[in-house]
Amino acid sequence: MRPTLIRGGRLLDPSRSLDEAGDLLIEDGKIASVGGRITGPDGAEEVDASDLVVAPAFIDLHVHFREPGEEHKETIRTGAAAAAAGGFAEVWAMPNTDPPVDNPAAVGFVRAEGERARRSRVEPIGAASREQAGEQMTEVGELVSAGAVGISDDGRPIENSRLMRRLLEYTQAFGIPVIQHAEDTELSGHGVMNEGVVSTALGLEGIPNASEAAMVARDLLLAELTGGHLHVCHVSTRQSVELIRRAKEEGVPVTAEVTPHHLALTEEAVRDYRTEAKMHPPLRTEEDRAAVREGLAEGVLDLIATDHAPHHYEEKEREFDDAPFGIVGLETALGVGVESLVRTGVLTLSELVDRMACAPARAMDLPGGTLRRGAPADVVLFDPNESWTVDPSSFESKAANTPFAGDELTGRVHRTIVDGRTRYRAEPDDRDAN
Amino acid sequence: MSDGRPAANLGKDLVGLEPLSGDQILTILDTAEPFKEISERQIKKVPVLRGQTIVNLFFEPSTRTRISFEFAEKRLSADTVNVSATGSSVEKGETLVDTARNLEAMRIDMVVMRHGAAGAAQFLGDRISSNVINAGDGQHEHPTQALLDLLTLRDEFGGLDDLRVCIVGDILHSRVARSNIWGLLRVGADVAVCGPQTLIPRGLEELGVKVFPHIETAIEWCEALYVLRLQLERMNAGFVPSLQEYNRVYGVTSERLDRSDDEIPILHPGPMNRGVEIDSDVADGPHSLILPQVTNGVAVRMAVLYLLSGGEPEKADAAKEGEA
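Sequences listed follow chains F and L, in order. Sequential numbering of the first sequence, starting at 1, is according to the working numbering. Sequential numbering of the second sequence, starting at 1001, is according to the working numbering.
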C-alpha cells in the first residue's frame, strides 16, 4: 500500500485535544506520524489539505442498508458509498432487513458485501430476537463469532421486559451492547408524528413523548439491575435526556445517540404533510430539540448517529399515513451538524468531530476515532466553511428521502480515507482548479 | 354585507378553513346567500357552471356530503361524474398519484374528494391543475361542512362575532370539529370544546379554544351547541367505556338544556346516534338547526364551486340568472 502524506491541513483530533496546522502521514493503513512538517517517504501520495480540516473519520452506529430484501431502496454497496461520501470510515448496519440478520450466515453476508463495496467499513449488528419477533433470544455468541458488533431489534423495540433483561445479562460475556429502539408501541398506537398542536391541526395521529421515555426508563432500570451495556438509539425527547442524565450520574452503563435531524428540526417540518419529515421517533417540539442539543453538548447524549433510512421515492410520494418512516442522513450529516450545531454555538467544531468520530469509538471501545500514531488510518478531510446546496439526485445513496433537500448547508467532505485507502474523493471543484 | 370586501380569491383549491382569513370565509357565506333561492324554485337549475366537468371522487362512503355536492353541481349545470373507491381502479391498487395523473389527463375542471387520509386533498391539489375541493380528508378538515354550519349559525344569530359556540364529543377524530374550530376562530367567534379527555386532542388551548370537561358548564357558557357523532369504534378502541356511560355523562338531553336560562340552538353534522350523543327530543325539538344545516349545505357548496371556478362574489346574483 502506497503511503499517503496529507500536507498542510488543520489537524483536528478531539481525542487528544489536538487542533493545529500540520502534516499527517499514513503508512500500512495506520497513522504513522502526526503534526509538524513531515518529510514523506519515497513514492508517497501527497494530498494538499490547505484550508481543510484533517480529522478522524466519522463513525455512524446506526444505518439501514436494506440488503437483503429491499434492494430497491438501498444496497450495502450504495449505502457504503453514501457513508464514504459523508466522511464515515465505519458504519453499523441494523439487522431489520428482509429476512432479518438473525443468524451467523446473514451476518457473514453483510460483512462480506461490505468488504466487496470497498468504501466505508460496514459492521453488522445482529438481531436481538429471532426474526426480530421480540420473543426468543438469537444465538448471540454465534452472531458475534460471525462478526456482529452489537445486537438490536431496531425498527421496533425489545418490548418484553424479561427478554430485555436476559439480553443485557447474556451479552456481557461477549462485550457487545444491546442497542435499543426505545418505544412503547401501545402508546404510539398508529401515530405518525409527534403528538401536540401540530398533529392536532393536521389531523394526524400523534406519538407522545412518553412513548419513548417510558421505555427508556424501563431499560435504564434493567441496565442498572444487570450491569449490561445499554445503548439508546435516536433519543428525541426532553424526558429521555433527563432520565439518561440521572442514570449516568448513578453510574448506570448506558450510552445514547441522537440524530442530526432531531438536533436540527422540529415537528414544524411535518407541516404540509411532508413525508420527507416522517420518521421514528418523530420530530419533536422546540423544547425537545433544545434538550437533545443540550444533552449532546454536555455528553449526556454521547454521540451523533444518522439512522440513515433510505426509501424509494414512490413509497414516500403518498398519503402521509401510508408513507414509510425514515430519512437518509449519511451525506448530509456533517453539513447539518455544522449548520445547526456549530454555527448556532451549540458545539464547537472540535466537539462536533468528537460526537461524530471519537465518541462512537469511545462508546463502543473501537480502535478508530483518533489520529493517534498507530491507530487505523481512518481520516476525513473536510472544508468547514464551504457551503453547498443539498441535491439528493447527486447522492451516492440510492435514496433521496431527505427533509434537507434544497437547503444550503455549511461543511463539505472532500476526502474519506478508510484503513489508509482513499475511499471517497469529492468531484474536483474550482478550488482544486486554482 | 359584501360591500367593500375584497374578492374572495380563495386560491385554486379549498383544502381547509385553517389557511383562510375571516374575510374569505365571510365572502363565501355572503356568496351563498343568493344561491339559497335556487333550491326553492320550481326549476332548480341555473347555467353558472355550464360546460364545466366535475368529478366527485369518494374514497370513503358518504351519503349526505356526496348528494349535497351533486345537487349543488347539477343545479349549477355542471357535468358531473361520481367515482367511488369500490369497483374503481382504486380498489385495484392504484396510487393517489396515478389517480391524480389520470384525472389531469382527462381535463377535469374540478375534483371534489373525500379520502380517509389526512392531507389527501392537499396532496391531490398540489399535483393537478384542476380545482380541488376537500369533502373530508381523514381527521384533518371538512371545510364545506363547517361553512354550512357557519352559515346556519349566522342565519340564526345574525352574526358570528363573539358568538359562543361549544363543540361536544369526539373532537380527537373529527375533521368536522377541526374545520369548525378554524372557521369559528377566523370569523371572531368564541370556541369551546367539551368531551371526555380521551377524545380531546392536545394543544387546543394554544389555538385559543376553551376546554370544558363537564357538559353542564359547557351548556352554561355557550350560546349554541354543536354535537358530534360518537362512533361505536371509539368504545371498542377504549376511548370511552360504553355508549351508555357516554350518554349519561356527555349526552345532550332536554333535561340538561332545560337547566339553562337561554334557549340553545343545536347543530349536528349527521348522521346522528339518537340516544348516544343526542336525545331524540332535542334532535327533533324546536331549537334543532339540523335540517336547516342540510339545506344550507347545497347553497354553500354552490358558492364554493362558483368562487373556485373564477366567479366574483358580487356578481353571483347576476351569474345565476345567466347574465354574467
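Don't be surprised by glycine CBs; every beta carbon is placed ideally from N, CA and C. No experiment lies behind these values; they were computed from the predicted model shown.
One alpha carbon belongs to residue 299(F), the other to residue 258(F), and they sit about 11 Å apart. Contact annotation: residue 262(F) and residue 241(F) have beta-carbon atoms that are not nearer than 7 Å. Here residue 1125(L) is buried. Its C-beta has 16 or more other C-beta atoms within 10 Å. Closest option to residue 61(F), judged by alpha-carbon separation, among 397(F), 364(F), 413(F): 364(F). Under the Cβ criterion of 7 Å, residue 1120(L) is counted among the residues facing chain F.
Neighbours of residue 1097(L) in chain F, taken as residues whose beta carbon is under 9 Å from its own, are 314, 317, 318 in chain order.
Interface flag for residue 196(F) against chain L is set, since a Cβ pair is found closer than 7 Å.
For residue 1309(L) and residue 329(F), the gap between their C-alpha atoms comes out near 43 Å. Residue 296(F) is outside the set of residues whose beta carbon lies under 7 Å from a beta carbon in chain L. Taking the Cα of residue 100(F) as reference, the smallest distance to any Cα among 141(F), 131(F), 226(F) is reached at 131(F). In this structure, DSSP gives residue 1210(L) an extended state, which the three-state scheme calls strand.
By the neighbour-count criterion, in which 16 or more other beta carbons inside 10 Å mark a residue as buried, residue 1021(L) falls on the exposed side. In the DSSP assignment, residue 137(F) forms a beta bridge with 129(F).
One thing to note: residue 331(F) has its Cβ no nearer than 7 Å to the Cβ of residue 106(F).
Using a Cβ-Cβ cut-off of 8 Å, residue 269(F) is close to nothing in chain L; its nearest Cβ partner there is about 14 Å away. Assignment of beta-bridge partners to residue 1058(L) by DSSP yields 1084(L), 1114(L). Cβ-Cβ distances below 6 Å link residue 224(F) to 252 in the same chain, with the five nearest sequence neighbours on each side left out; the list follows chain order. When the alpha-carbon of residue 98(F) is set against those of 143(F), 351(F), 306(F), 65(F), the nearest one is in 65(F). Burial state of residue 152(F) is buried, judged by a 10 Å Cβ sphere holding 16 or more other Cβ atoms.
With 16 or more other Cβ atoms inside 10 Å of its own Cβ, residue 96(F) counts as buried. Counting along the chain, residue 8(F) sits inside the beta strand (DSSP E) bounded by residues 4 to 13.
Contacts with chain F (Cβ-Cβ distance below 7 Å) from the segment 1178 to 1204 of chain L involve 1178, 1201, 1202, 1203, 1204, listed in chain order. Residue 1227(L) sits away from residue 1189(L), with the two beta carbons spaced by 7 Å or more. Secondary structure at residue 99(F): coil, using DSSP grouped into helix, strand and coil. Put simply, the CB of residue 1139(L) is near chain F, with a gap under 7 Å to one of its CB atoms.
Residue 426(F) and residue 1025(L) have their C-alpha atoms spaced approximately 54 Å apart. Distances from the alpha-carbon of residue 1071(L) to those of 1097(L), 1035(L), 1094(L) put 1035(L) closest. When DSSP states are grouped into helix, strand and coil, residue 1269(L) belongs to the coil group. Under the Cβ distance rule, residue 204(F) counts among the residues neighbouring chain L, one pair being separated by less than 7 Å. Pairwise C-beta distances place the segment 1148 to 1160 of chain L out of contact with the segment 1111 to 1124 of chain L, as fewer than three of them are shorter than 8 Å. Neighbours of residue 1207(L) across chain F, judged by C-beta separation under 9 Å: 197, 200, 201. The continuous stretches of alpha helix (DSSP H) do not include residue 93(F), which lies in the beta strand (DSSP E) extending over residues 88 to 93. Chain L has a Cβ within less than 7 Å of the Cβ of residue 321(F).
Looking at the DSSP output, residue 1224(L) bridges to 1165(L). At least 7 Å separates the CB of residue 1237(L) from every CB of chain F. The beta carbon of residue 273(F) sits closer than 7 Å to some beta carbon of chain L.
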